[in-house]
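See below for the structure under consideration.
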Amino acid sequence: MHKNKNKGLDFSLDTLRHSAAHLLAHAVLDLFHGTKTGVGPAVEDGFYYDFLRDEPFTQEDLISIEKRMREISDQDIPLERLECSKEEAIKLFKDLNQDLKVELVEEKGGEKVSCYRQGDFVDFCLGPHVPSTGAIKHFKLLSVSGAYWKGDESGRQLQRIYGTVFFKQKELKDFLYMQEEARKRDHRKLGPELGLYSTNEQLGGGLILWHPRGSASRAVIEDFWRKEHFKEGYGLIYSPHIAKLDVWKTSGHTEFYDALYPPLISDSVEYQLKPMNCPFHIMVYQSTQRSYRELPLRWAELGTVYRYERGGVLHGLLRVRGFTQDDAHIFCRSDQLEEEIRRTISMALRILKTFGFEDFDVFLSTRPEKFSGSVKDWGEATDALEKALKAEKIDFSVDEGEGVFYGPKIDIKIKDALKRSWQCTTIQLDFNLSEKFDLTYVGEDGEFHRPFMIHRALLGSLERFFGILIEHYNGNFPFWLAPVQAMIIPIADRHNEYAHHLYQEMREKEIRTEVDTRREKVGYKIRDAEKNKIPIILVVGDKEVEQESVSVRIHTEGDKGQFNFKELLEKMLDLNKNRDLEITL
RNA sequence: GCCAGUGUAGCUCAGCGGUAGAGCAACUGAUUCGUAAUCAGUAGGUCGGAGGUUCGAAUCCUCUCGCUGGCUCCA
562 MHKNKNKGLD FSLDTLRHSA AHLLAHAVLD LFHGTKTGVG PAVEDGFYYD
612 FLRDEPFTQE DLISIEKRMR EISDQDIPLE RLECSKEEAI KLFKDLNQDL
662 KVELVEEKGG EKVSCYRQGD FVDFCLGPHV PSTGAIKHFK LLSVSGAYWK
712 GDESGRQLQR IYGTVFFKQK ELKDFLYMQE EARKRDHRKL GPELGLYSTN
762 EQLGGGLILW HPRGSASRAV IEDFWRKEHF KEGYGLIYSP HIAKLDVWKT
812 SGHTEFYDAL YPPLISDSVE YQLKPMNCPF HIMVYQSTQR SYRELPLRWA
862 ELGTVYRYER GGVLHGLLRV RGFTQDDAHI FCRSDQLEEE IRRTISMALR
912 ILKTFGFEDF DVFLSTRPEK FSGSVKDWGE ATDALEKALK AEKIDFSVDE
962 GEGVFYGPKI DIKIKDALKR SWQCTTIQLD FNLSEKFDLT YVGEDGEFHR
1012 PFMIHRALLG SLERFFGILI EHYNGNFPFW LAPVQAMIIP IADRHNEYAH
1062 HLYQEMREKE IRTEVDTRRE KVGYKIRDAE KNKIPIILVV GDKEVEQESV
1112 SVRIHTEGDK GQFNFKELLE KMLDLNKNRD LEITL
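This is the structure:
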C-alpha cells in the first residue's frame, strides 16, 4: 500500500481518496444548498460521491466545485472524528436535513457511530481520514453520471461525481496521460479507422460488420484456435442459430435468462434465437447412449449467439448483441474432472500467451447461497478445481460464494499493455443443465450415471477478444495477426511488374500482401502504409528489380535496408509459423 | 431500461434564428518520383430522423434513433 512518507504523515492512497470524496461533498454543499449527500467511497481509479439534487450538475458546475475544493484544501481545515450514539447521529443529520444520511445511520449504525467533521461539513463515516484538508492537493474531477440509490434500479436516481486524487502532482499527470493514451488506442476509434470493422445505425446497435481486414485477422485467430483444439483432442460442432422454444424452456432460459430476444413464430411454432450454445451440444451428447468408455468428450464450437443487451450497456466490440463465443463443453466422469480442468487451464494460458498476454489474475468462485445441484457435487467439483489450479502451480484468489448458481467456476483475467484487466477465460461446472436435460452415461457397473459437464470459453467472444487485442497492441498487430502483413510499394510505373510478381509469390505462400500502384511519390505511399500500421513495407525500384531484392521497412522502426527477396519470404513464413510477437530480421 | 452529455461532407471540426464552410481523405489532370504528405482543379451535406414554434430553423421546443460517460447487467 502506498504511504505518504514525504510529509511524515501515514495514510494510504485509499484514505486520501476517501477524504477527497469528503472534500468533494463539502464543496458541493457549500455551492449547492439543499443538496442531499449519499455515499462517497474510494474506488480503483479515484473516488466518487453521490448526490440527490433536482438540477443536473453541468461541466461548468464541475469546474466551480473543483475550484471550491481547492479553496477548502488551502484553508487546511482539520478533520476531527466524532463518536456519538446512534440516536445523536440521527438527530444530527435530521437537523442538517440530510435524509439519505439518516437512512444510512439507521441501517448501518451500531450503538455507537462515528462521524468526521471538517469545518461545517459532517459526514457519517468509519474513517480513517487524512488529518486535514490541506493533505488533499493533487486532484481532479472527471465526470458526472447517474447512479441508483443503493444500486436499486427501482429506487431514486442520484448524480454521481467522479474524481481522482494522488499523493504527487506527477502521479496525477501520469494518470491523466494514461487515460489519454487509452482514449487514443480505443478500439472504437482504431477499429473503423484501420478498416477492421464498422457498425451502422440502420443495421442496429450492438451488431458488428467485420470488414475484410478485420475478418483476415479473425480468420487467423480462428485457424489457430481450431489447431489448438485439435491438438487437445476436441471435436468440432456446428449448430443452428435458432431452436424451438421448448429447448429453452427445458434449459430454464425462458424463465431465468433476461436477455432473450422475443421468439419467432412460424406456422404457429415458436423458435428462439440462441443466447447460448449449451443445449445444442447437450443434444449431440444425447443423440445416442453414452458409455463411460467414451468419456471425456470434448466438443468445441465458434458459436454465434444473440442476446438483447440493454441499450445503455453496448460498447464497441466489447459489449454487443450478436457475438461468437469460443465455446466448448466437456462431458466427463468424476475421476476425470481434475485432469480435464488442468488441461483446460494450461490450454487457456498457452493460447493467451501466444497473443502476447503475460500477466494473469485467476479467481476461483465457490458456491453461492442460491444454487442448483447437490452440496456433495459442489464440494467434489470445487475440490477438483482447486487441486487443478494447485497442480498447475497457479496463484489464485478465492471468491467465496461468488459462483454462478449452476456451478463453481474459474475465471482468468488478462492484463493488457496499459495494465488494464479483462476477463476472458471462464471455466464453469454446470450441475443445472446436466440435471435439466437428464444427461447420463452407462458406467462400468452397468448403471446410469450423471456426467460432469464443464462449460468453458477461452477467449470469451471473438468480438470482445478482438477489441481487447486492438487496444493491447494499439492497432500494431504482430506480423502473424496483422490484417495486411506487407505492402509493396513500387517507386515508378516501370517497377509495377516486378511488384506484382512479388505480390503473386507472397499470396501463393499465404502472406497477406497488397501492392500500392498509385501514381504517388514513395513518401506518400509509405506514409499511408504506416498510418495503416502495416508491419512490413517493401519498397522496390531499379536496384531491387535488378538484384531480385526488396528494401524493407518495419512499422514503427523504419528503414532496414535491402534484403534478398527469397530469404525475406522464408523469414516471413517463419514469423507466421512461430506466431512471433516481434519482427527480427 | 435509467441519469447526463452528444450527433454538421468519409475523417477532424467551424457556423448556434436570415439562402451550408475549412483542412485532410476522395475524384480528375499534370508530375515517374528512393523511405511518414508533389501541384492544380472538381465533386461531395434534405446539418441523425419525425413533428412543432417562427415570415424564416443546422441554430429554439417535443418525440425518436445512434453514439459517449456512468448505474444495472455481462462474453
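Residue numbers for the first sequence follow our numbering, so the first one is 562 and each next one is one higher.
Positions of the beta carbon are idealized from the N, C-alpha and C atoms, including for glycine.
All values derive from a computational prediction rather than experimental measurement.
D635 is not a Cβ neighbour of G712, given a cutoff of 9 Å. Look at C839 here: in three-state DSSP terms it is helix. Ranked by how close their Cα comes to the Cα of K673, the residues C686, E605, H1016 have C686 in first place. DSSP, read as helix, strand or coil, puts H699 in strand. From the listed residues S1112, T1117, P617, V1100, the smallest Cα separation to N1093 is found for T1117. By the C-beta criterion, the region 900–918 is judged not to be in contact with the region 929–937, since fewer than 3 inter-stretch pairs fall below 8 Å. Apart from the 5 residues on each side of it in sequence, I1087 sits with its Cβ closer than 8 Å to the Cβ of I1050, I1098, V1100, R1114 in its chain, given in chain order.
In the assembly as shown, P1012 is a buried residue. Its beta-carbon has 16 or more other beta-carbons within 10 Å. Ranked by Cα distance from P753, the first of R774, E831, M739 is R774. Beta-bridge analysis with DSSP links S715 to no other residue. Proximity of the region 739–755 to the region 976–990 meets the contact definition, three or more beta-carbon pairs being nearer than 8 Å. Close CB contacts of S1022 within its chain, under the 7 Å cut and outside five residues either way in sequence, are with F884, T885, Q886 (chain order). With respect to the C-alpha of D1006, the residue from K734, I798, S693, Y853 having the closest C-alpha is Y853.
In this structure, Y758 sits near L878, with a CB-CB distance shorter than 9 Å. Under DSSP, R721 shares a beta bridge with D611, S706. Boundaries around Q886 are those of the beta strand (DSSP E), 883–893, since no alpha helix (DSSP H) includes it. Under DSSP, Q1065 takes part in no beta bridge, so it has no partner. As DSSP reads the structure, I826 sits in a beta bridge with E831. Of the residues D807, D606, E953, the one whose Cα lies closest to the Cα of I906 is E953. In the structure shown, the three-state DSSP call for F998 is coil. In the displayed model, E754 falls within a helix according to three-state DSSP. Scanning its chain for C-beta atoms nearer than 8 Å, with the 5 sequence neighbours on each side dropped, one finds around L640 the residues S580, H583, Y677, R678, Q679, H690, V691, P692, S693, T694, in chain order.
Here F1009 is bridged, per DSSP, to V1003. The residues A889, T905, I988, in chain order, have a CB closer than 6 Å to that of R1017 in the same chain once the five nearest residues on each side in sequence are set aside. Cβ-Cβ distances below 8 Å link I826 to Y832 in the same chain, with the five nearest sequence neighbours on each side left out; the list follows chain order. In the DSSP assignment, N1137 falls within the unbroken alpha helix (DSSP H) covering 1126–1139. Counting only runs of 3 or more residues that sit fully inside the region 667–701, the beta strand (DSSP E) segments are 673–679, 682–685, in chain order. Relative to G1122, the option among E1131, K729, K1104, L1136 whose CA is nearest is K1104. For the region 638–664, the continuous beta strand (DSSP E) assignments of 3+ residues that do not extend past its boundaries occur at 641–646, in sequence order. Annotation for D944: the continuous alpha helix (DSSP H) segment containing it runs 936–952. In the displayed model, G1122 falls within a strand according to three-state DSSP. Judged by beta-carbon spacing, F1038 lies beyond the 9 Å limit of I973, meaning their Cβ atoms are not closer than that value.
About 7 Å separates the beta carbon of F682 from that of A586, a gap short enough to meet the 8 Å contact definition.
Here DSSP, grouped into helix, strand and coil, assigns F921 to strand. If you ignore the 5 residues before and after P836, its C-beta comes within less than 7 Å of the C-beta of H814, Y818, A820, L821, V866, Y867, R868, all in its own chain and listed in chain order. In this structure P617 is exposed. Its beta-carbon is surrounded by fewer than 16 other beta-carbon atoms within 10 angstroms.
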